[in-house]
Each structure stands twice: as C-alpha cells, then as structure tokens.
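First the structure, in the form of structure tokens, and then the observations on it.
Numbering (the working numbering), first residue to last: -19 to 179.
And the structure:
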C-alpha cells in the first residue's frame, strides 16, 4: 500500500491549527500535532483526527509532540520526532503564533512584548522552515520521479497589511512572516517544493 503523506502542524492543538489538522486527516495525511503547553488538548485533536479519517475511509496515525518552537533545541527535537516516527515530511504548516499578552498603544509597546511576538511569529517559523526545507530537499533527491512534492504553508493574517495601532508588534511580525513565503518559494522553486501563505 502507498504510504500516507505526513504533515507537521505547529500550534495544532486548537483554533486554526486544529481545523487544519481535521481537514488533513480527512485527506488521509498522517499527522504530527505540535503544541506548546496543552498536552490534553493536543491528544484530543489527535483522537478526533483519527476518528474523522476513519469516517472518511482512511487509516492514519496522529501523534502529538510538545515543543516551544521559539527554542532552537525544541525545533530540532520536533523535526527529529517527525523523522523518527514517520521517516518523511510532506507538508509543514507554520500555524503557531501569538498575539501580544496585552494590547497597548503603539507609543507604549514594550521591547519585551515585541521580542516575544517576533520571536514566536517570525524567528521560529523562519528557522523551523529552514531546517524542514533542508530535509525536504534530501527527500526530493532520493524520491522516485513523479511522486508528490513536499509543500510548506505559512498561516499569516490580514495584519500583514492592516495597521492595528494597539498591537503594532503583531502587525510587524505578520508583515515579516509574509516575506517568508516568497523567500522560501523562490529558494525551493527549482526543486518543485511549493510554498503558500494563507491570510
């Protein structure tokens, strides 16, 4: 039997990430559901996904993996978990993101809040995608011709171009995230690895 394609979803335990996991399960993807803190919610999503897949006549595996993607060691461990568990990666969904802990006037935004939001929303997906792309390139080199090519998705926001002056750091982060798409798309295009952004 053909192997299932494998998707890694950051921030997969709730919200948009959970919705994406559910849809990919119905499409027959094996899943790595990354979460930062709520293991119980992630396990619930994994169980939900295997049930949805079964209802659609597909057999999948859905695994959970805790990792704070703002941390380099944790990012490495997340990819290593995916490699160890499924030995491949067909789809990276960069979904995890945070809003400022407190909405403040642009003139009072703190450096700590700025660093936290940019660290999680830009720096983390930049370096996670860099590492995942290197693995995907290795995978493409050894894959049979005509097989499915790996893909990368960035989940961004209308805040990439809409100014919200009570959360400037979030808007700045999403605008920067929007540039990751053409950067990685251009770098990986020759290898047939397509990169998408969803706002």
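The C-beta atom is built at its ideal place from N, Cα and C for all residues, glycine as well.
In terms of residue numbering, what span does the alpha helix (DSSP H) encompassing residue 107 cover?
Translated into positions along the chain shown, residue 107 becomes position 127. Looking at the DSSP string, the run of the alpha helix (DSSP H) that includes residue 107 is 104 to 122.
Inter-stretch contact at 8 Å, needing at least 3 Cβ pairs: the segment -12 to -2 / the segment 21 to 33:
yes
By Cβ distance below 7 Å, which residues in the same chain neighbour residue -16 in space, the five residues on each side in sequence not counted?
By 1-based counting over the chain shown, the position of residue -16 is 4. Taken in chain order, the residues that qualify are 8, 9, 10 and 40.
Going by the DSSP bridge assignment, what does residue 74 pair with across the sheet?
Here residue 74 corresponds to residue number 94 of the chain shown, with the count starting at 1. Residue 74 is bridged to 134.
Continuous beta strand (DSSP E) stretch holding residue 43: start and end:
Taking the first residue of the chain shown as position 1, residue 43 is located at position 63. Looking at the DSSP string, the run of the beta strand (DSSP E) that includes residue 43 is 42 to 46.
What is the DSSP secondary structure of residue 101, reduced to helix, strand or coil?
As a working note, residue 101 is residue 121 in the chain shown. Correct three-state label for residue 101: helix.
Same chain, Cβ closer than 6 Å to residue 120, neighbours up to 5 away in sequence not counted:
Locating residue 120 in the chain shown gives position 140, where the first residue counts as 1. Contacts found: 171.
Could you compute how far the alpha carbon of residue 156 sits from the alpha carbon of residue 141?
Start at 1 with the first residue of the chain shown, and residue 156 comes out as number 176. Start at 1 with the first residue of the chain shown, and residue 141 comes out as number 161. Approximately 10 Å, taken between the alpha carbons.
Taking the C-alpha atoms as reference points, what is the distance between residue 174 and residue 152?
Working through the chain shown from its first residue, we reach residue 174 at position 194. Working through the chain shown from its first residue, we reach residue 152 at position 172. Using only the alpha carbons, I get a separation of about 25 Å.
Quick one: what's got a C-beta closer than 6 Å to residue 165's C-beta in the same chain, skipping five residues either side?
Counted from its first residue, the chain shown places residue 165 at position 185. Closer than 6 Å at the Cβ level, and outside the excluded window around residue 165, lie 175.
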